[in-house]
Amino acid sequence: MTERRHGLARIQVAATLRRMREQASVTRDAAARELYCTVSKIGDIETGRSGVKPAELEKLLDLYRASGEDREALIETARESRSRRKTGSSIPTSHRRYFDLEAQARSVTFFSPGLIPGFLQTDGYARSVLEWSGSLGVTEVDSKLAVRAERRRNLTRTDPPPASYWCILGEAALRANVGGPVVMAEQLECLLEWSKTIRHLMIQVLPLGSGVHGFLGWTHTLLRFDPPARDIVHMDSSIRDLFFDVEPEVRGVADDLELMKAKAIGRDESLALIRHILWEYKEMSGHAALE
Numbered sequence: 053m054t055e056r057r058h059g060l061a062r063i064q065v066a067a068t069l070r071r072m073r074e075q076a077s078v079t080r081d082a083a084a085r086e087l088y089c090t091v092s093k094i095g096d097i098e099t100g101r102s103g104v105k106p107a108e109l110e111k112l113l114d115l116y117r118a119s120g121e122d123r124e125a126l127i128e129t130a131r132e133s134r135s136r137r138k139t140g141s142s143i144p145t146s147h148r149r150y151f152d153l154e155a156q157a158r159s160v161t162f163f164s165p166g167l168i169p170g171f172l173q174t175d176g177y178a179r180s181v182l183e184w185s186g187s188l189g190v191t192e193v194d195s196k197l198a199v200r201a202e203r204r205r206n207l208t209r210t211d212p213p214p215a216s217y218w219c220i221l222g223e224a225a226l227r228a229n230v231g232g233p234v235v236m237a238e239q240l241e242c243l244l245e246w247s248k249t250i251r252h253l254m255i256q257v258l259p260l261g262s263g264v265h266g267f268l269g270w271t272h273t274l275l276r277f278d279p280p281a282r283d284i285v286h287m288d289s290s291i292r293d294l295f296f297d298v299e300p301e302v303r304g305v306a307d308d309l310e311l312m313k314a315k316a317i318g319r320d321e322s323l324a325l326i327r328h329i330l331w332e333y334k335e336m337s338g339h340a341a342l343e
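Each residue of the sequence shown is one higher than the one before, starting from 53 at the first, in our numbering.
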């Protein structure tokens, strides 16, 4: 029986093709002319409603001037989308490809216990996270900062309409003092400002001492897509990073995230806690300046 919903690999191909087309400043009309097809078919390919044939993919990649590892990785992922098992997939993907998936989603729910999620990081905070080990060169750091900046722009985009974002932050993420009190104060001020001005962004805090929960040690993200595309879960820790779209497992994570929302304090109380910790960082900054 033909599967009615399409999995991770197809959505990855769809989202990356859209990003490549937009970066190459190619219209959907031009892509349709290249494939001798309708504009609606290009739209279906870019949303995962339709798969793309190998010959069509090669033509589009040529049109978008895609080359190197990005091209080869997309061809391999497209091959995976045609041969994937009905039970779903669990495959790694790059940070660039994750951005493509996030840009395609209609809603995104995060739980992050110890760090501010990348899409909400200020440049100063992100740079502190990326540079702390000394393992990344200047070019790599700048490239990752550019991806984070693109993710932030998704919050305020108008075409297509932005996804709804629900972010559950562990209180430890607010108190981690990444980059020092000045960097943290700027970061928390931005969280408060974005929470106030971006209607489709919800921030909750899970206080210290909240007890055991199903996500200890992991950061989880649930990305929901319009049918027929499958919803996807992204899980990462210090030693592992994976995506999966197996329906029973995705449902389990979705249920746990709903429990986390109930366990976390409400929006107004969360923002009040962020303001209180922001004041503490400003106090620390003032004392440091006097020393």
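Ideal Cβ positions, reconstructed from N, Cα and C, are used throughout, including at glycine.
Residues that DSSP places opposite residue i in a beta bridge
i: Tyr217; result: Val160 and Leu253
i: Leu258; result: Gly222
i: Ile94; result: Looking at the DSSP assignment, Ile94 forms no beta bridge with any residue, so it has no partner.
i: Ile317; result: Val257
Secondary structure of residue i, DSSP reduced to three states
i: Thr271; result: strand
i: Ile168; result: coil
i: Arg276; result: strand
i: Ile122; result: For clarity, residue 122 is Asp in the given sequence; the question names Ile instead. Helix at Asp122.
i: Gly100; result: coil
i: Leu188; result: coil
Residue i at chain C interface by Cβ criterion, 9 Å
i: Thr210; result: Looking for chain C here will not work: only one protein chain is present.
Neighbour-count burial assignment, residue i, 16 or more Cβ in a 10 Å radius
i: Val181; result: buried
i: Thr68; result: buried
i: Ile326; result: buried
i: Tyr116; result: buried
i: Gln75; result: exposed
i: Gly140; result: Unreliable placement is indicated for Gly140, whose pLDDT of 41 sits below 50; the coordinate value is still reported in the next sentence. Gly140 is buried by the Cβ-count criterion.
i: Tyr150; result: buried
i: Lys161; result: Looking at the sequence itself, residue 161 is Thr, so the reference to Lys does not match. Buried, by the Cβ-count rule.
i: Thr208; result: exposed
i: Gly263; result: exposed
i: Leu60; result: buried
i: Asp307; result: exposed
i: Ser119; result: exposed
i: Pro214; result: buried
i: Glu124; result: exposed
With a cut-off of 8 Å, do at least 3 Cβ pairs link the segment 231-246 to the segment 151-166? no
At a cut of 8 Å, does the segment 254-262 reach the segment 210-225 through at least three beta carbon pairs? yes
Does the structure place the segment 172-180 close enough to the segment 193-209 that three or more beta carbon pairs sit under 8 Å? yes
Report yes or no: do the segment 107-121 and the segment 73-88 share at least 3 C-beta pairs separated by less than 8 Å? yes
Between the segment 122-131 and the segment 86-98, can you find at least three pairs of beta-carbon atoms closer than 8 Å? The segment 86-98 makes no contact with the segment 122-131, as fewer than three CB pairs between them are under 8 Å.
Does the structure place the segment 186-197 close enough to the segment 235-253 that three or more beta carbon pairs sit under 8 Å? no
Is the segment 293-303 close to the segment 312-332, with three or more CB pairs under 8 Å? no
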